[in-house]
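Undergrad:
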Amino acid sequence: MPNDKESNPNRLETVLAYMMVGVVGASVISLFVVLITGASGSTKVWPIFLVLPAIGLPLAAALIIALVLVNLRRRSRENRSNKN
Numbered sequence: 001m002p003n004d005k006e007s008n009p010n011r012l013e014t015v016l017a018y019m020m021v022g023v024v025g026a027s028v029i030s031l032f033v034v035l036i037t038g039a040s041g042s043t044k045v046w047p048i049f050l051v052l053p054a055i056g057l058p059l060a061a062a063l064i065i066a067l068v069l070v071n072l073r074r075r076s077r078e079n080r081s082n083k084n
């Protein structure tokens, strides 16, 4: 029977997850702002809205990778301590 004890995420995992959600959310909102202003015919949009999706989405991908690595490291450490 597999280990019934459910492992809880540590603080680093929680921070990485919230950072990733925040970055993705800000990027998606910024993307919608750019699309809506372009569809309305307006050419005036703050430059941060144009740049944020280009920076935020790759950053979110890097945060996902970091979150997976931290999670794997914690689980392997827990498995080693449970075997002893």
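The sequence shown lines up with residues 1 to 84 when you count with the working numbering. A virtual CB, placed ideally from N, CA and C, is assigned to each residue, including glycine.
1. At what residues does the alpha helix (DSSP H) containing G22 begin and finish?
2. Would you check if the distance between the CB atom of F49 and the CB atom of V28 is smaller than 9 Å?
3. Which residues in the same chain as L12 place their Cβ atom closer than 7 Å to its Cβ, once the five residues preceding and following it in sequence are excluded?
4. Contact criterion: CB-CB distance below 9 Å. Does R80 meet it with respect to chain C?
5. Tell whether a beta-carbon distance below 9 Å holds between A60 and V15.
TA: Considering the structure as presented:
1. Reading the sequence shown from its first residue, position 22 is the one you call residue 22. Annotation: the continuous alpha helix (DSSP H) that includes G22 extends over R11 to A39.
2. Position 49 of the sequence shown, counted from the start, is the residue given in the question as residue 49. Position 28 of the sequence shown, counted from the start, is the residue given in the question as residue 28. Against a cut-off of 9 Å, the Cβ pair of V28 and F49 comes out as no contact.
3. Here residue 12 is taken as the residue at index 12 of the sequence shown, counted from 1. V70.
4. Absent from the structure is chain C; it holds one protein chain and no more.
5. Walking along the sequence shown from the start, residue 60 turns up at place 60. Walking along the sequence shown from the start, residue 15 turns up at place 15. When the beta-carbon positions are compared, A60 and V15 stay at least 9 Å from each other.
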